[in-house]
Amino acid sequence: MNQVFEGLRGLLGRAAEILLLILILVTLWQVVHELAGAIAMTAPLDTFRYTARLVLSADFWPHVQVTGIAFFLALLIASAAGVVIGATLGLHRLSGEVGEPILVALYSIPKVTLYPIILMFFGLGLRAEVAFGALHGIVPIIILTMNAVRSIKPVYIRTASVLRLSSWQLLRSILVRAALPEIFTGLRVGFSVTLVGTLISEMFGSKRGLGFLLMRSLGVHDMDLIMAITLLLVMFAAISNSILMSIENRLYRRV
Amino acid sequence: MRKATWIRAIVLVAAIAALEIFCRVGIIPRITMIPPSTMVTSLFDLVRSGAITSDTLQTLTSVAIALGSAIAAGFVAGALLHALPRARRIVDPLLATYYSIPVFVFYPLFIAIFGLNAIPKTVIGFMYAVVAMVINTLNGLDRVPPVLWKTARVHHMGRVSTLADMVFPYAAAYLFTGVKLAVAYSFIGVIGSEFILSSGGIGYRISFAYYNFQNDVMYALILLVLTIVVTINMTLYYWERILMARRGER
Amino acid sequence: MSRSLVVAKGVTRIFEASGTGLDDVHALGPLDLELVEGEFFAVVGPSGCGKSTLLEVIGGLQEATAGEVRFDGTIVQGQVPEGVGIVFQEDASFPWLTVRNNIAFGLRHNRTPPAEIRRRVDDALVQTGLRSFADAYPAQLSGGMRQRVCIARTLVLQPHLILLDEPFGALDQQTRLLMGDEVLKLWRATGATIMLITHALDEAAMLSDRVGVMSARPGRFLEIITTGWPRNRDSQIVSAPEFGKITSRLWSLLREESIRAIGDRS
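Chains as they are written, first to last, in the working numbering: chain A, 1 to 255; chain B, 1001 to 1250; chain C, 2001 to 2266.
So this is what it looks like as structure tokens:
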């Protein structure tokens, strides 16, 4: 019974701290609003009310769907290709050594500068957005998968030889489980980064989607809409990341 | 030279050569991409003519301001949080989820508030870079092993001396990681913002060239950005590896 | 009754340099070894002499550059033969499986019927003293217990030959002595042939029927000493006078080699 109380207290304590953080941020927001006026930044409460109305309105959701589809496809491609390439580079020592600095370089450049090249090849539209989003996401997934595979303890492979496992059994029963936590980290980072890529591509030249909506509301100086969409996207990113993090922590606890 | 370095050099040269051939032969149409050699000559012409000097300076200035303030603010914030564990625990979820948030979504908001000038993109660059500095400062300070603190007391080192002569040199390698990331992120933030919507800067010039079908200019500028950023980042990356190796870590 | 289970003739292992300007490393041999069925054979030697290499060549994890190894009459080449079990120095337990599932792992992969798996795993749990930890995860166990999990995982496959590569190297002295007693019990219960690599002379002298002393690199057998202990021995034989004689013989052989090995590396 004591353990239950301890557990609850721990959980409540943590939740209380997060609540406190949110409260501080919202208070700061309110203060900025007071100082700068409604033209600069709408007050928190007004934004929440507007966001609720927005979410209930009919013409909001088509944009969400467009962004959602592009994001989902980009993430799918980035994950599948990223894990396969990363695993290959991790298993084949030399390729990994050759490729790593190239990947690191790719990760640190402003990938927006490559967007025009993608547009040249794909033209404006869904395909360019998916390609751009996938380009963003694939890099950390490759890097982290490669690391995950590299850091599998060699003794596991020798054990598999002793137990006379086939290559397929080795892969399925040992390698995947051993590398899983770090691969999942790669996927989590890939998730966030793909989202950025998808949104940027929509902000640049798109005719629909949340990124486009954001730019259009900027054009007509619709502060309410700008803040509402910003708020929604920030919340989506933060919440999805937290969920992925808690799954990730559980995976790591096993290893 | 190591085997991997050789192979990498060959791969890169081969890739560029292939690109050159495909473009010249027409497998990649001229309206899609110009040959790499033309990109280089076009860039030389642009630089010589002085047409992009002011934009380049504008971008670099914004990056410098964003970077400088991010390093300073990030370091101070990291040091403060390290000294105040309570505050750190409260802020911790923010730090953990920060880089999952698409910082660029704040860009339209900042334009609405500050206007279409250099301020919004500099703020975005700052926002991107600062948290990397905070996290790595915390990491560096965390890693100072208790035995070093004890050694400082045995030698009767005062607070300032301990921080300056022992903590800082020890944590410096990790702080450097923060600086390396801050540099990369400042560039991403500033140039990305310029590209999306801006009144000046290299990123703006690239999108302008795109909209006006000026492929020569566009590709030349892309090459310029890539060259600058890759050179700076790779220098810092290898410098970091040397620092870490001296530390006895990978 | 005394047939040779393992026959190694002229076994040599040379590691080729991969073009980095260094010479080939002649790690082992040529050496000969015969293991009698059911015996407990220990190998000692200075660091870097090739003990682990010898074990891996016999076990089929590495191929000899020259010479041959026969296990139960058949040549060992390129893969671990059926009937051979190996326990490594590093912890090879899988952290994502419970103790029970760890032990059952090998059996699940060679399609043993579930009822049989259950039976053998339960037996192994009792034999290695892990019964009350069957549903725990390795992360919750001490180093010594994790090694027991690895030993149990090997035992359930009922190997004829068990190779132990410094399995207690990472453990403290007291735990080592206790584990030694346990290994002896398992040896008697299973009737398997055991080859133990160790750097601890007292461990070798106490546990084995014969001790092979290896020279510095390239490793060859300087001498093989017969200890002559009765089969039902345990760690209490350390007080027997013969024990002191055996360990001092081992050390006098090894002392020169160890100095040579350290000098070789500088």
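Each residue gets a CB set at the ideal place from its N, CA and C atoms; glycine is no exception.
Check for me: the beta strand (DSSP E) holding residue i runs from which residue to which?
i, result
"Pro62 (chain A)", "Segment Trp61 to Leu91 is the alpha helix (DSSP H) holding Pro62 (chain A); no beta strand (DSSP E) there."
"Glu2166 (chain C)", "Careful: Glu2166 (chain C) lies outside any beta strand (DSSP E) and carries neither H nor E."
"Ser151 (chain A)", "Neither: Ser151 (chain A) is in no beta strand (DSSP E) and is coded neither H nor E."
"Glu2068 (chain C)", "Ala2066 to Phe2071"
In angstroms with no decimal places, state the Cα-to-Cα distance between residue i and residue j.
i, j, result
"Asp2172 (chain C)", "Ala238 (chain A)", "47 Å"
"Arg259 (chain A)", "Met1234 (chain B)", "Any question about residue 259 (chain A) goes unanswered here, given that chain A covers just 1 to 255."
"Asn147 (chain A)", "Ala179 (chain A)", "9 Å"
"Arg1250 (chain B)", "Arg1143 (chain B)", "Because Arg1250 (chain B) sits at a pLDDT of 48, beneath the cut-off of 50, its placement in the model cannot be relied upon, and the following sentence gives the value as read from the coordinates. Each residue's alpha carbon lies about 15 Å from the other."
"Ala1073 (chain B)", "Gly2144 (chain C)", "49 Å"
"Val1179 (chain B)", "Pro2030 (chain C)", "56 Å"
"Thr1053 (chain B)", "Ile1124 (chain B)", "23 Å"
"Leu1043 (chain B)", "Ser1037 (chain B)", "10 Å"
"Ile2194 (chain C)", "Ser2208 (chain C)", "9 Å"
"Asp2122 (chain C)", "Pro2113 (chain C)", "14 Å"
"Ile1016 (chain B)", "Pro1035 (chain B)", "9 Å"
"Ala134 (chain A)", "Val2084 (chain C)", "48 Å"
"Ser2266 (chain C)", "Phe2015 (chain C)", "Low per-residue confidence applies at Ser2266 (chain C): pLDDT is 48, beneath 50, and the placement is therefore not dependable, though the value from the model is reported in the following sentence. Each residue's Cα considered, the two are about 20 Å apart."
"Ile2246 (chain C)", "Val2057 (chain C)", "28 Å"
"Asn241 (chain A)", "Arg250 (chain A)", "14 Å"
"Leu1243 (chain B)", "Ala1171 (chain B)", "11 Å"
"Pro154 (chain A)", "Ser161 (chain A)", "11 Å"
"Thr159 (chain A)", "Leu2184 (chain C)", "23 Å"
"Leu2254 (chain C)", "Thr2226 (chain C)", "16 Å"
Chain C beta carbons: is any one of them nearer than 8 Å to that of residue i?
i, result
"Tyr156 (chain A)", "yes"
"Ser161 (chain A)", "yes"
"Gln65 (chain A)", "no"
"Lys207 (chain A)", "no"
"Ser173 (chain A)", "yes"
Considering only DSSP beta bridges, list what residue i is partnered with.
i, result
"Arg2210 (chain C)", "C:Phe2041 and C:Thr2226"
"Gly2219 (chain C)", "C:Leu2028"
"Glu2034 (chain C)", "C:Val2007"
"Val1144 (chain B)", "In the DSSP output, where bridge partners are listed per residue, Val1144 (chain B) has none listed."
"Arg2013 (chain C)", "C:Leu2028"
"Met2195 (chain C)", "C:Phe2041 and C:Leu2163"
"Thr2074 (chain C)", "C:Phe2071"
"Val1013 (chain B)", "Paired residue(s): none; Val1013 (chain B) is not in a bridge."
"Ile2086 (chain C)", "C:Leu2163"
Report yes or no: is there a C-beta of chain A within less than 8 Å of the C-beta of residue i?
i, result
"Leu1109 (chain B)", "yes"
"Gly2038 (chain C)", "no"
"Gly2085 (chain C)", "yes"
"Gly2106 (chain C)", "yes"
"Ala1245 (chain B)", "no"
"Ala2092 (chain C)", "yes"
"Glu2016 (chain C)", "no"
"Trp2109 (chain C)", "It should be pointed out that residue 2109 (chain C) corresponds to His in this sequence rather than to Trp. His2109 (chain C) counts as touching chain A."
"Met1127 (chain B)", "no"
"Val2121 (chain C)", "no"
"Ile1135 (chain B)", "no"
"Ile1119 (chain B)", "no"
"Ala1182 (chain B)", "no"
Using the beta-carbon of each residue, which ones in chain D are nearer than 8 Å to residue i?
i, result
"Arg250 (chain A)", "This model lacks chain D altogether; the protein chains it does include are A, B and C."
Measure from the C-beta of residue i to each C-beta in chain B and report whether the shortest distance is under 8 Å.
i, result
"Phe184 (chain A)", "no"
"Thr27 (chain A)", "no"
"Val121 (chain A)", "Reading the sequence as shown, one finds Phe at residue 121 (chain A) and not Val. Yes, Phe121 (chain A) lies at the interface with chain B (some Cβ there is under 8 Å from its Cβ)."
"Ala238 (chain A)", "yes"
"Glu34 (chain A)", "no"
"Asn241 (chain A)", "yes"
Specify, as a first and last residue, the run of the alpha helix (DSSP H) that residue i falls within.
i, result
"Asp1055 (chain B)", "Thr1053 to Ala1083"
"Cys2150 (chain C)", "Gly2143 to Leu2155"
"Gly197 (chain A)", "Val176 to Gly205"
"Glu2182 (chain C)", "Gln2173 to Thr2190"
"Thr47 (chain A)", "Pro44 to Leu56"
"Asn1117 (chain B)", "Neither: Asn1117 (chain B) is in no alpha helix (DSSP H) and is coded neither H nor E."
**Message:** If contact is defined by three or more beta carbon pairs under 8 Å, each pair taking one atom from either stretch, is the stretch 2057-2067 of chain C in contact with the stretch 2222-2240 of chain C?
**Reply:** No: fewer than three Cβ pairs fall under 8 Å.
**Message:** Within 8 Å, do at least three Cβ pairs link the stretch 58-76 of chain A to the stretch 1190-1208 of chain B?
**Reply:** No, because fewer than three Cβ pairs between the stretch 1190-1208 of chain B and the stretch 58-76 of chain A fall closer than 8 Å, the two stretches do not touch.
**Request:** Please confirm if the stretch 79-89 of chain A is in contact with the stretch 1167-1183 of chain B, defined as three or more CB-CB distances below 8 Å between the two stretches.
**Result:** Short answer: they don't touch.
**Message:** Below 8 Å, how does it come out for the stretch 2207-2223 of chain C and the stretch 2040-2052 of chain C: are there three or more Cβ pairs, yes or no?
**Reply:** Yes, they touch.
**Request:** Could you tell me whether the stretch 2116-2133 of chain C touches the stretch 2145-2152 of chain C, where touching means 3 or more Cβ pairs closer than 8 Å?
**Result:** Counting C-beta pairs closer than 8 Å gives three or more between the stretch 2116-2133 of chain C and the stretch 2145-2152 of chain C, which meets the contact rule.
**Prompt:** Are the stretch 2150-2167 of chain C and the stretch 2086-2105 of chain C touching, with three or more C-beta to C-beta distances below 8 Å?
**Reply:** By the Cβ criterion, the stretch 2150-2167 of chain C is in contact with the stretch 2086-2105 of chain C, since at least three pairs of Cβ atoms, one from each stretch, lie closer than 8 Å.
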